[in-house]
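Scroll down for the structure; my scribbles are underneath it.
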Ligand code: ZN
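In the working numbering, the protein residues as written are 6 to 165.
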């Protein structure tokens with residue numbers, strides 16, 4: 006963890022890192038998406054249960070650095086309960102924010118601003134991006150009607 010991260014943001018990230026949300030495995034799985042970030046060695050496996058068009062539950066198995074783990078935990082916290090389209094929309098906002106685009110973070114999602122600090126450390130941006138990219142591709146495949154047995158595979162090195 007870098008000392009230059011703003012104190013408040015660092016607290017948010019450390020809190021998620023120490024007690025990652027979404028760590029409890031789920032029984033019913035509608036989609037599985039796996040992601041890796043070769044530049045750091047972070048790996049993530051994400052499973053989601055959908056119910057009536059919403060993300061009912063989400064499990065994240067993350068083996069990676071503090072930033073990738075904290076970012077995945079934030080994802081679990083913010084995406085749970087969202088509709089499929091809202092989940093994709095929010096993940097896309099975070100992805101754009103991390104890539105340096107000017108985006109408006111919705112009021113209810115203040116903590117996500119903490120991830121913005123990561124932009125000051127280019128080498129960590131992909132760590133923070135990993136979970137969101139993995140979720141977006143998984144949800145898109147689900148939306149496209151791919152079978153629940155299909156495992157989406159994502160790399161932060163993938164072209165857009
Ligand atoms: Zn990392």
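Cβ coordinates follow ideal geometry from the N, Cα and C atoms, glycine included.
Just so we're clear, the structure is a prediction, and the values are computed from it rather than from any experiment.
Discussion item. I want to check one thing, is the minimum distance from the CB of residue 122 to the heavy atoms of the ligand ZN below 7 Å?
Written reply: Outside the cutoff, so no.
Worksheet item: In three-state DSSP terms, what is residue 28?
Response: Of the three classes helix, strand and coil, the one that applies to residue 28 here is coil, per DSSP.
Worksheet entry | residue 73 Cβ short of 7 Å to the ligand ZN heavy atom set | For residue 73, the Cβ falls inside the 7 Å cut-off from some heavy atom of the ligand ZN.
Worksheet item: Which whole-angstrom value describes the C-beta separation of residue 96 and residue 140, a residue pair presumed to lie in contact below a C-beta threshold of 8 Å?
Response: Confirmed, about 5 Å.
Worksheet item: By the 10 Å Cβ neighbour count, where 16 or more other Cβ atoms means buried, how is residue 33 classified, buried or exposed?
Response: Residue 33 counts as exposed, since fewer than 16 other C-beta atoms from the protein chains shown sit within 10 angstroms of its C-beta.
Worksheet entry | 8 Å Cβ cutoff met for residue 72 and residue 136 | It is not a contact, given that the beta carbons lie outside the stated cut-off.
Worksheet item: Comparing the CB of residue 42 with every heavy atom of the ligand ZN, is any distance shorter than 7 Å?
Response: Judged by the Cβ position, residue 42 qualifies as a neighbour of the ligand ZN at the 7 Å threshold, a heavy atom of the ligand being closer than this.
Worksheet item: Where do the N-terminal and C-terminal ends of the alpha helix (DSSP H) with residue 117 fall, by residue?
Response: For residue 117, no alpha helix (DSSP H) segment is defined, and its DSSP state is neither H nor E.
Practice prompt. Please classify residue 2: does DSSP put it in a helix, a strand, or coil?
Written response: What the structure shows of the chain is the stretch from 6 to 165, and residue 2 is not part of that stretch, so it cannot be assessed.
Worksheet item: In three-state DSSP terms, what is residue 7?
Response: Residue confidence is low: residue 7 scores 49 on pLDDT, short of 50, so the model does not pin down where it sits. Its coordinate-derived value is still stated next. DSSP, read as helix, strand or coil, puts residue 7 in coil.
Discussion item. Quick test of the definition: if touching needs 3 or more C-beta pairs under 8 Å, does the region 107-119 touch the region 43-59?
Written reply: Below 8 Å, too few C-beta pairs join the region 107-119 and the region 43-59 to call them touching: fewer than three.
Practice prompt. Classify residue 47 as buried or exposed, calling it buried when 16 or more other Cβ atoms lie within 10 Å of its own Cβ.
Written response: Residue burial annotation: residue 47 is buried, with at least 16 other C-beta atoms found within 10 angstroms of its C-beta.
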